[in-house]
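Some notes on the structure that comes next.
Protein chains in written order, with my numbering: chain X, 1 to 350; chain H, 1001 to 1062.
Next comes the structure, spelled out in structure tokens:
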């Protein structure tokens, strides 16, 4: 099967000016609201840092030639990506984001690295099995609205207990690439499990500028800083490229959007926030549509995923590298993004 | 009924009662909170550098 270069059909004509204005505001929103948290978390976590990503041994052989980044978007499940990777016998490096780690274990895939970034105080720890699951769920419908794992959605308490056991059994000694911004409960969980933790700092702004948050965190923690694009999947790609120096990198589960066929606006990540910000009568303007040309499937994105998408495309451009998007759907298309089937990437790199 | 409650003098200074002040403040706080979550929990501003370890050699040329 020959890779086909995807046209970017998410043209500016599809984007409402108000949508674009909000998406453009997200950078400053993050800077205003989350700077303090990431600084504070980094200071708190300093005492736990015993090794950084600079201490990681570079992979060798097939593991050094190619990598697959496993994100956790809906195409991961809909397109049976994990079973296809397993079946292909891929010999390169596998980097799972926190949100896909348990799914990898369940699919019989042991990632070489697991990466975590997000500083959210209650939502992240569930990816490692949450010892305080019910307490952290209280009053928060973020996951119940949009949980892609049907088993989890239907029986979350029992599934969480299973996940705790799975991570306990598989996580000891596993390389965890953990950001200095990690919240307390993730750090504690990681230590309880016995992950082999390698720390890093987030490169969030230009460290050469005065009052740079990045420089402050790096000075505080003595950690090297990696850019994140605002999201863990992009951070994992940066890790593979700049720390592991792997030249050929594929991404899966990186939809950066939602399947139009079976997703309502309510099930999107920032539905309540958007409704509050723009009003329910205008909300449809904030979910522009996109067609994935290889399949003709329709997707829609929201300001947040659109922002992540633009961030990723900007960083790909800055890197001068090519990303192989083996998601099989979603909105990540553009310059230097080659959309191919996962089998093709695996065969070419085995 | 309102006729029975009419005052018998006119105040010099006009009194402006700010109605719904508490409601405005709580709405404003709610909108701020709502805005906070758009974009997730991370800060992202830098679009050129991918890596920085504090070493001058890892800086991009300005």
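No residue lacks a Cβ here, since even glycine has one placed at the ideal position from N, Cα and C.
Test: residue i CB closer than 8 Å to a CB of chain H
i             : result
residue 34/X  : yes
residue 277/X : yes
residue 74/X  : no
residue 307/X : yes
residue 190/X : no
residue 268/X : no
residue 298/X : no
residue 27/X  : yes
residue 118/X : yes
residue 334/X : no
residue 137/X : no
residue 31/X  : yes
residue 263/X : no
residue 213/X : yes
residue 351/X : The first residue shown for chain X is 1 and the last is 350, placing residue 351/X beyond what the model contains.
residue 122/X : no
residue 274/X : yes
residue 247/X : no
residue 115/X : no
residue 304/X : yes
residue 244/X : no
residue 256/X : no
residue 283/X : no
residue 241/X : yes
Sequence-distant residues of its chain with Cβ nearer than 8 Å to residue i (five each side left out)
i             : result
residue 93/X  : 59, 63, 64, 66, 67, 68, 112, 113, 240, 244, 246
residue 46/X  : 180, 220, 221
residue 232/X : 71, 97, 98, 99, 115, 116, 117, 118
residue 86/X  : 107, 108, 109
residue 126/X : 133, 136, 143, 160, 163
residue 88/X  : 342, 343, 346, 347, 350
residue 32/X  : none
Same chain, Cβ closer than 7 Å to residue i, five either side skipped, listed in chain order
i              : result
residue 172/X  : 193, 194
residue 90/X   : 68, 346, 350
residue 2/X    : Model confidence at residue 2/X stands at a pLDDT of 33, short of 50, so the residue's coordinates are unreliable and nothing is read from them.
residue 15/X   : 288
residue 1042/H : none
residue 146/X  : 267, 268, 269
residue 52/X   : 198, 199, 200, 223, 224
Check whether residue i and residue j have beta carbons under 8 Å apart
i              : j              : result
residue 108/X  : residue 167/X  : no
residue 119/X  : residue 72/X   : no
residue 242/X  : residue 234/X  : no
residue 258/X  : residue 300/X  : yes
residue 198/X  : residue 162/X  : no
residue 79/X   : residue 329/X  : yes
residue 1039/H : residue 29/X   : yes
residue 76/X   : residue 286/X  : no
residue 332/X  : residue 254/X  : yes
residue 224/X  : residue 83/X   : no
residue 39/X   : residue 263/X  : no
residue 302/X  : residue 274/X  : yes
residue 305/X  : residue 256/X  : yes
residue 170/X  : residue 105/X  : yes
residue 238/X  : residue 327/X  : no
residue 1052/H : residue 266/X  : no
residue 156/X  : residue 1047/H : no
residue 48/X   : residue 218/X  : no
C-beta neighbour in chain X for residue i, strict 8 Å
i              : result
residue 1001/H : Summary for residue 1001/H: the model assigns pLDDT 49, below 50, so the residue's position carries little reliability; its value from the coordinates is reported in the next sentence. Cβ-Cβ to chain X under 8 Å: no for residue 1001/H.
residue 1044/H : yes
residue 1061/H : Low local confidence applies: a pLDDT of 37 at residue 1061/H is under 50, so the model's placement there is unreliable, and no value is given.
residue 1050/H : yes
Residues near residue i in its chain [Cβ-Cβ closer than 6 Å; skip 5 each side]
i             : result
residue 324/X : 250, 338, 340, 345
residue 336/X : 316, 322
residue 26/X  : 307
residue 189/X : 125, 128
residue 207/X : 214, 215
Any C-beta of chain A under 8 Å from that of residue i
i            : result
residue 88/X : As a matter of chain content, chain A is missing from the structure shown, whose protein chains are X and H.
*Just list the beta strand (DSSP E) runs in the stretch 189–246 of chain X, keeping only unbroken ones of 3 residues or longer that don't cross its boundaries, in chain order.*
196–203, 225–227
*Report the residues of the stretch 222–238 of chain X with a CB closer than 7 Å to any CB of chain H, ordered along the chain.*
224, 225, 226, 227, 228, 229, 230, 231, 238
*Members of the stretch 183–210 of chain X that neighbour chain H once the beta carbon cut-off is set at 8 Å*: 202, 203, 204, 205, 206, 207, 208
_Near-chain H residues of the stretch 98–110 of chain X - C-beta to any C-beta below 7 Å_ = none
*Would you mind listing the beta strand (DSSP E) stretches within the stretch 88–155 of chain X that are 3+ residues and don't spill past its ends, in chain order?*
93–97, 113–116
_Within 8 Å of chain H by C-beta, residues of the stretch 309–338 of chain X in sequence order_ = 311, 314, 315, 318, 319
*At which residue ranges does the stretch 247–286 of chain X contain complete alpha helix (DSSP H) runs of 4 or more residues, listed in the order of the chain?*
271–278
*Runs of beta strand (DSSP E) lying entirely within the stretch 288–313 of chain X, each at least 3 residues, in chain order*: 289–292, 297–300
*With 9 Å as the limit, tell me which residues of the stretch 34–50 of chain X have their beta carbon closer than that to any beta carbon of chain H; keep them in chain order.*
34, 35, 37, 38
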